[in-house]
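S.K.: Take this structure, written in structure tokens, and hold onto it; I'll ask about it next.
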Amino acid sequence: MITNNMIDKKKLDAMLKRVVKPARYIGNETNLIVKDNAKVRFAFAFPDMYEIGMSYVGLQILYDVINSVDDVACERVFAPDTDMEELMRAEGMPLFSLETKREIASFDLLGFTLQYEMSFTNILNMLDLAGLPLAAADRGDDMPVVMAGGPCAYNPEPLAKFFDFFIIGDGELIQPELCRIYRDMKDASPDGRVSKSEYIAEVSKLRGIYVPSYYDVEYNEDGTVKSYTPNREGVPERVTRSLIDDLEDIPYPKKPMVPIINVVHDRAVVETFRGCTRGCRFCQAGMIYRPVRERSPEKIYELAKSQLDASGHDELSLLSLSTSDYSKFEELAVSLMEDCRQREVALSLPSLRLDSFSFRVLDEIQGYRKSGLTFAPEAGSQRLRDVINKNITEENIYSSLSQAMDLGWNRVKLYFMMGLPQETYEDLEGIAEIAKNIMDMSREKRAGKGRFSVSVSVSNFVPKPHTPFQWEPQDTRQSFVEKHNFLSDKLHIRGVQFNYHDSPVSYLEAVVARGDRKTADLIEQAWKNGCKFDSWSESFNYEGWEKAFEQTGIDGAFYANRRRSYDEVLPWDVIDSGITKEFLMRENEKAKAASTTPDCRHGCQGCGINKLTECKLGGIYGK
Amino acid sequence: MENKYCLTFKKEGYAIFTSHLDMQRLFKRAFKRAGIEIAYSHGYNPHPLMSFVQPLSLGYSSVCEMLEFRTKESYIPEFIAAELAGVMPEGIVVTECVRLEDGKKTLASRCCAAVYEIVIPLGDAVSEKAGSIDLGSFLAQDEIIVTKRNKKKKLVETDIKEKIQSLEASFVDNNLILTTKLDAGSDSNLSPELLLKAFLPFFGIGTDRSEIEISRVELICK
Numbered sequence: 001m002i003t004n005n006m007i008d009k010k011k012l013d014a015m016l017k018r019v020v021k022p023a024r025y026i027g028n029e030t031n032l033i034v035k036d037n038a039k040v041r042f043a044f045a046f047p048d049m050y051e052i053g054m055s056y057v058g059l060q061i062l063y064d065v066i067n068s069v070d071d072v073a074c075e076r077v078f079a080p081d082t083d084m085e086e087l088m089r090a091e092g093m094p095l096f097s098l099e100t101k102r103e104i105a106s107f108d109l110l111g112f113t114l115q116y117e118m119s120f121t122n123i124l125n126m127l128d129l130a131g132l133p134l135a136a137a138d139r140g141d142d143m144p145v146v147m148a149g150g151p152c153a154y155n156p157e158p159l160a161k162f163f164d165f166f167i168i169g170d171g172e173l174i175q176p177e178l179c180r181i182y183r184d185m186k187d188a189s190p191d192g193r194v195s196k197s198e199y200i201a202e203v204s205k206l207r208g209i210y211v212p213s214y215y216d217v218e219y220n221e222d223g224t225v226k227s228y229t230p231n232r233e234g235v236p237e238r239v240t241r242s243l244i245d246d247l248e249d250i251p252y253p254k255k256p257m258v259p260i261i262n263v264v265h266d267r268a269v270v271e272t273f274r275g276c277t278r279g280c281r282f283c284q285a286g287m288i289y290r291p292v293r294e295r296s297p298e299k300i301y302e303l304a305k306s307q308l309d310a311s312g313h314d315e316l317s318l319l320s321l322s323t324s325d326y327s328k329f330e331e332l333a334v335s336l337m338e339d340c341r342q343r344e345v346a347l348s349l350p351s352l353r354l355d356s357f358s359f360r361v362l363d364e365i366q367g368y369r370k371s372g373l374t375f376a377p378e379a380g381s382q383r384l385r386d387v388i389n390k391n392i393t394e395e396n397i398y399s400s401l402s403q404a405m406d407l408g409w410n411r412v413k414l415y416f417m418m419g420l421p422q423e424t425y426e427d428l429e430g431i432a433e434i435a436k437n438i439m440d441m442s443r444e445k446r447a448g449k450g451r452f453s454v455s456v457s458v459s460n461f462v463p464k465p466h467t468p469f470q471w472e473p474q475d476t477r478q479s480f481v482e483k484h485n486f487l488s489d490k491l492h493i494r495g496v497q498f499n500y501h502d503s504p505v506s507y508l509e510a511v512v513a514r515g516d517r518k519t520a521d522l523i524e525q526a527w528k529n530g531c532k533f534d535s536w537s538e539s540f541n542y543e544g545w546e547k548a549f550e551q552t553g554i555d556g557a558f559y560a561n562r563r564r565s566y567d568e569v570l571p572w573d574v575i576d577s578g579i580t581k582e583f584l585m586r587e588n589e590k591a592k593a594a595s596t597t598p599d600c601r602h603g604c605q606g607c608g609i610n611k612l613t614e615c616k617l618g619g620i621y622g623k
Numbered sequence: 001m002e003n004k005y006c007l008t009f010k011k012e013g014y015a016i017f018t019s020h021l022d023m024q025r026l027f028k029r030a031f032k033r034a035g036i037e038i039a040y041s042h043g044y045n046p047h048p049l050m051s052f053v054q055p056l057s058l059g060y061s062s063v064c065e066m067l068e069f070r071t072k073e074s075y076i077p078e079f080i081a082a083e084l085a086g087v088m089p090e091g092i093v094v095t096e097c098v099r100l101e102d103g104k105k106t107l108a109s110r111c112c113a114a115v116y117e118i119v120i121p122l123g124d125a126v127s128e129k130a131g132s133i134d135l136g137s138f139l140a141q142d143e144i145i146v147t148k149r150n151k152k153k154k155l156v157e158t159d160i161k162e163k164i165q166s167l168e169a170s171f172v173d174n175n176l177i178l179t180t181k182l183d184a185g186s187d188s189n190l191s192p193e194l195l196l197k198a199f200l201p202f203f204g205i206g207t208d209r210s211e212i213e214i215s216r217v218e219l220i221c222k
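If you're matching them up, the sequences are chains A and B in order. Position 91 of the first sequence, counted from 1, bears residue number 91 in the numbering used here, the numbering being contiguous throughout. Position 196 of the second sequence, counted from 1, bears residue number 196 in the numbering used here, the numbering being contiguous throughout.
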């Protein structure tokens, strides 16, 4: 039964001559994998532009592992830009894959990655462009099984209606398994068809798979969740995330695809470790990727070498939540610096903790062409930094900057959040204070050595599920406006640039991030009102969202600005991240007392993850 | 020895949608993958000593692209061609690599003309047009004026007549095929787009630009 379902390539050719950056749609990258005779086709969908999706390492990882399965092909699809979409709709060209230019609707499996809430309308737009009904219940057996994974899948509920199932947690092992199961069922089927319900029932047995239709949700009168009840046998009360105990021998791409056009991060990337031990209370990644799992230095060198050899990239970057927390960081940095120098490859080390060793490293790799230094104190006062458990002190900031100035840096970027729990105007004043002190210091230290500039970027705090602040209200928009006005007054300082985008995006993020199944209607209505590419300021359409709130009767404040009580059933309680609710509560209570929790490498803090797996680096310095 | 080479290659299939800037990056990486060490300029912002003889517009195919480059050490040209051929994405087809003499001006500065083949589908109108297209009348005009945007983005009128070195037409299937030799290079240059801008309305051809295919078939250097 071979149907090809290819799109009309002549038509595509003519369209490509009429759009901006046609290379986004041609799939001609070095190291791409084309399997003409695959039995099962999986479409990996990134719900944003090519340039964003191709910068995402997770895509490269999953592309590599899925394609390593016999008879299974992984192909890519991104959200077409508006000019291309217009042509596609006008010409009746459905959404297609880059590798073999097949219609997405003809794929067996379609998987979206959920990286940020503001890409959700793009998912609906892509399903629609593919000619697929939005709701999972409306898609028959002749249409792809549609799944999603990624960090936003930790609260799958706002999208529950649109997906057959969600993959929670690490994807490298489960994603190929999902494809193998489908292939085997297809092989065993006399007519080559696979019953969707049988397939979903089969994969639901795997740890990490959440099938929304297997759970009935009841609500209280006040709109909060009353209960989640499995509606069939064998379904767990809560879905535990898929977790890989050890990354060392887990596949990692050795021949990464090399994009043709310039993408956001155009470089070889090696993930050094997953997880973080710092325990910042606002940070979802710091909670859901626990425990820390490192690759060995030897493995990292090997991967770096093969990535550079196979790609020809002239930049290498390391990926983790906190580069310098790698346990053998000095050894790794020194050795990579030497390799990169020999190969004439630039080494980039993001999110470094700025201690004296890091400065030596940065000074050496950047030489005379120093880029700006970046600092994320996140909050303007020690008290508030203690509240959020961002364990850096004013002393850390100033001494680092003093070193930086001595070594010749002339630019620094500071990142803060506004609207953190328990924030007062004094804390905001602290932001201006820090900027001012740095400028004063630069005048003293760098007299006659040219200008020094400080840029202060402030973003709005969005409380996230599975963090200690998951119960906390977000500031109202009115309050954000007032705080912003206050700050911009205070930050009229020579040499200081203040960046803040007063945009309702963070409010929408707060609504959707902690939404329940009812918020699906809001997202769908917003899309119907023309909202898409919501994370791009030039296409963000707040009117469309405002109208959607009115049309659906959904009260945004209920989701964004309401304090939840500890005994409320949260929509994402059905997902077990491995971090206990007790730990999150304890951390939230400590936040209220502005009491810090040390980095758990110095002693286990009891987050609960060691019940799921061995936490190798937890408490290593405490022993 | 300067270790100067010229690589010729074809650009076809989906690769024609790779822009000039992207081609530069693509080759820089291809050389790295092939393990051939390109020489770099000295100075504050070192860049690879590598340049295309004449940029090719986005969407054009070509059988005669030329890349001039210098390497750190001497290679056998055939070795370079073979190594690069093994690491190129689909649609970039290496045809030849030759060593260039030391001390000569760059090929880019010696480039003077390019030959293009332009395929214009006419559909059912082909029989009617076949009789009425008289290139002589087009070329016999005193001047051939088209408007174009200059570097300051202002619309200006320009006469392209002197830049058309030759123009021939033939009909194959339902297509009008133009073969034309146009000025190319830094002294005088004419884009086939401008030729089409004058040609299509002159003969009342309504074919949309997106259906027309243009291929470069020869680059001529002095």
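Backbone N, C-alpha and C define an ideal beta-carbon position, used for all residues, glycine too. Predicted, not measured: the structure shown is a model, and the values here were computed from it.
Three or more C-beta pairs closer than 8 Å, one from the region 356-364 of chain A and one from the region 242-250 of chain A: is that the case here?
M.R.: no
S.K.: Taking the Cβ atom as the reference point for each residue, do residue 174 of chain A and residue 167 of chain A lie within a distance shorter than 8 Å?
M.R.: Working through the first sequence from its first residue, we reach residue 174 of chain A at position 174. Working through the first sequence from its first residue, we reach residue 167 of chain A at position 167. Yes, Cβ-Cβ distance for residue 174 of chain A and residue 167 of chain A is below 8 Å.
S.K.: When you check each C-beta in the region 300-319 of chain A against every C-beta of chain E, which residues fall closer than 9 Å?
M.R.: The displayed structure is made up of protein chains A and B, and chain E is not among them.
S.K.: Which chain B residues sit within Cβ distance under 7 Å of residue 14 of chain A?
M.R.: Against the first sequence, residue 14 of chain A aligns to sequence position 14. What residue 14 of chain A touches in chain B: 210, 211.
S.K.: So, for residue 464 of chain A: in the same chain, excluding its five sequence neighbours on each side, which residues have a beta-carbon less than 6 Å away from its beta-carbon?
M.R.: The residue labelled residue 464 of chain A in the question sits at position 464 within the first sequence. If we look at residue 464 of chain A and ignore the five residues flanking it on each side, its Cβ neighbours are 284, 513.
S.K.: So what does DSSP say about residue 2 of chain A, is it helix, strand or coil?
M.R.: Counted from its first residue, the first sequence places residue 2 of chain A at position 2. Confidence is the limiting factor: at residue 2 of chain A the pLDDT is only 43, short of 50, which leaves the residue's position unreliable, though a coordinate-based value still follows. The answer is coil: DSSP assigns residue 2 of chain A none of H, G, I, E or B.
S.K.: Any beta-carbon of chain B closer than 8 Å to the one on residue 17 of chain A?
M.R.: Position 17 of the first sequence holds residue 17 of chain A. At least one chain B Cβ lies under 8 Å of residue 17 of chain A.
S.K.: Name the residue from A:549, A:537, A:507 whose alpha carbon lies nearest to the alpha carbon of residue 527 of chain A.
M.R.: On the first sequence, residue 527 of chain A is found 527 positions in, with the first residue counted as 1. Proximity to residue 527 of chain A across A:549, A:537, A:507 peaks at A:549, based on C-alpha coordinates.
S.K.: May I have the straight-line CA-CA distance separating residue 455 of chain A from residue 438 of chain A, to the nearest angstrom?
M.R.: Stepping through the first sequence from its first residue, residue 455 of chain A is reached at position 455. Stepping through the first sequence from its first residue, residue 438 of chain A is reached at position 438. Using only the alpha carbons, I get a separation of about 11 Å.
S.K.: Please check if any C-beta of chain B sits within less than 8 Å of the C-beta of residue 28 of chain A.
M.R.: On the first sequence, position 28 is the one that residue 28 of chain A refers to. For residue 28 of chain A, the answer is yes, since a Cβ of chain B falls inside 8 Å of its Cβ.
S.K.: Hey, would you say residue 17 of chain B sits closer than 8 Å to residue 420 of chain A, going by beta carbons?
M.R.: For this step, residue 17 of chain B is matched to residue 17 along the second sequence. For this step, residue 420 of chain A is matched to residue 420 along the first sequence. Cβ distance not < 8 Å, so residue 17 of chain B and residue 420 of chain A don't count as in contact.
S.K.: When you compare each of B:136, B:56, B:36 to residue 108 of chain B by their alpha carbons, which one comes out closest?
M.R.: Counting from one through the second sequence, the residue named residue 108 of chain B turns up at place 108. The residue with the shortest Cα to Cα distance from residue 108 of chain B is B:56.
S.K.: For residue 166 of chain B, is the classification buried or exposed, using 16 other Cβ atoms within 10 angstroms of its Cβ as the cut-off for buried?
M.R.: Position 166 of the second sequence, counted from the first residue, corresponds to residue 166 of chain B. Burial check for residue 166 of chain B: the Cβ neighbour count within 10 Å stays below 16, so the residue is exposed.
S.K.: Could you tell me the distance, in whole angstroms, from the CA atom of residue 405 of chain A to the CA atom of residue 445 of chain A?
M.R.: As a first step, residue 405 of chain A is located in the first sequence; it is residue number 405 there, counting from the start. As a first step, residue 445 of chain A is located in the first sequence; it is residue number 445 there, counting from the start. Using only the alpha carbons, I get a separation of about 7 Å.
S.K.: Give the DSSP bridge partners of residue 149 of chain A, in chain order.
M.R.: One-based indexing of the first sequence puts residue 149 of chain A at position 149. According to DSSP, which records beta bridges pairwise, residue 149 of chain A is partnered with A:113, A:167.
S.K.: Could you give the DSSP three-state label for residue 23 of chain B: helix, strand or coil?
M.R.: Position 23 of the second sequence holds residue 23 of chain B. Helix.
S.K.: Which residue's Cα is closest to the Cα of residue 91 of chain A: A:18, A:324, A:538, A:318?
M.R.: Within the first sequence, numbered from 1, the residue matching residue 91 of chain A stands at position 91. Measuring from the Cα of residue 91 of chain A, the nearest candidate turns out to be A:18.
S.K.: Buried or exposed, going by whether 16 or more other CB atoms sit within 10 Å of the CB of residue 201 of chain B?
M.R.: As a working mapping, residue 201 of chain B is identified with position 201 in the second sequence. Flag for residue 201 of chain B reads exposed.
S.K.: Spell out the partners DSSP gives residue 8 of chain B in its beta bridges.
M.R.: Position 8 of the second sequence holds residue 8 of chain B. Answer is B:66, B:96, bridged to residue 8 of chain B.
S.K.: Spell out the partners DSSP gives residue 31 of chain A in its beta bridges.
M.R.: Mapped onto the first sequence, residue 31 of chain A falls at position 31. The partner list for residue 31 of chain A (beta bridge, DSSP) is empty, contrary to what the question assumes.
S.K.: Applying the criterion that 16 or more other CB atoms from any shown protein chain within 10 Å of the CB defines a buried residue, is residue 152 of chain A buried or exposed?
M.R.: Translated into the one-based positions of the first sequence, residue 152 of chain A becomes position 152. It counts as buried.
S.K.: Per DSSP, residue 45 of chain A is paired with what?
M.R.: As a working note, residue 45 of chain A is residue 45 in the first sequence. DSSP output for residue 45 of chain A lists A:77, A:112 as bridge partner(s).
S.K.: In the DSSP assignment, the alpha helix (DSSP H) including residue 198 of chain B goes from what residue to what residue?
M.R.: The residue given as residue 198 of chain B occupies position 198 in the second sequence. Its alpha helix (DSSP H) spans residues 192-202.
S.K.: Please report the distance separating the alpha-carbon of residue 535 of chain A from that of residue 509 of chain A.
M.R.: As a first step, residue 535 of chain A must be located in the first sequence, where it is residue number 535. As a first step, residue 509 of chain A must be located in the first sequence, where it is residue number 509. About 10 Å.
S.K.: Name the chain B residues whose beta carbon is nearer than 7 Å to that of residue 258 of chain A?
M.R.: By one-based count along the first sequence, residue 258 of chain A stands at place 258. In chain order: 29.
S.K.: Just the chain B side, please: which residues come within less than 7 Å of residue 261 of chain A by C-beta, in chain order?
M.R.: Taking the first sequence and counting its residues from 1, one reaches residue 261 of chain A at position 261. What residue 261 of chain A touches in chain B: 22.
S.K.: Contact criterion: CB-CB distance below 8 Å. Does residue 447 of chain A meet it with respect to chain B?
M.R.: As a position in the first sequence, residue 447 of chain A is number 447, starting the count at 1. For residue 447 of chain A, no CB of chain B lies under 8 Å from its own CB, so it is not counted at the interface with that chain.
S.K.: Can at least three beta-carbon pairs, one atom from the region 50-66 of chain B and one from the region 208-220 of chain B, be found at a separation below 8 Å?
M.R.: In short, these stretches touch, since the Cβ pair count reaches three.
S.K.: Which residues does DSSP list as the beta-bridge partners of residue 54 of chain A?
M.R.: Taking the first residue of the first sequence as 1, we reach residue 54 of chain A at position 54. Its beta-bridge partners do not exist; DSSP assigns none.
S.K.: Between which two residues does the beta strand (DSSP E) carrying residue 319 of chain A extend?
M.R.: Counting from 1 along the first sequence, the entry for residue 319 of chain A is found at position 319. Segment 315-319, the beta strand (DSSP E) holding residue 319 of chain A.
S.K.: With distances taken between CB atoms, is the gap from residue 74 of chain A to residue 44 of chain A smaller than 8 Å?
M.R.: Position 74 of the first sequence holds residue 74 of chain A. Position 44 of the first sequence holds residue 44 of chain A. The criterion of a C-beta distance shorter than 8 Å is satisfied by residue 74 of chain A and residue 44 of chain A.
S.K.: Under the DSSP definition of a beta bridge, which residues are partnered with residue 102 of chain A?
M.R.: Sequence index remark: in the first sequence, residue 102 of chain A carries index 102 (1-based). DSSP lists A:6 as the bridge partner or partners of residue 102 of chain A.
S.K.: With DSSP as the reference, label residue 228 of chain A as helix, strand or coil.
M.R.: For the purposes of this step, residue 228 of chain A is taken as residue 228 along the first sequence, with counting starting at 1. Strand.
S.K.: List the residues that DSSP assigns as beta-bridge partners of residue 146 of chain B.
M.R.: For the purposes of this step, residue 146 of chain B is taken as residue 146 along the second sequence, with counting starting at 1. DSSP, once it has assigned bridges, lists B:158 as partnering residue 146 of chain B.
S.K.: Going along the chain, which residues of its own chain have a beta-carbon closer than 6 Å to the beta-carbon of residue 41 of chain A, five neighbours each way excluded?
M.R.: Taking the first sequence and counting its residues from 1, the one referred to as residue 41 of chain A is at position 41. If we look at residue 41 of chain A and ignore the five residues flanking it on each side, its Cβ neighbours are 73, 107, 108.
S.K.: Could you check if residue 474 of chain A is buried or exposed, using at least 16 other CB atoms within 10 Å of its CB as the buried criterion?
M.R.: Within the first sequence, numbered from 1, the residue matching residue 474 of chain A stands at position 474. Buried, because 16 or more other Cβ atoms sit within 10 Å of the Cβ of residue 474 of chain A.
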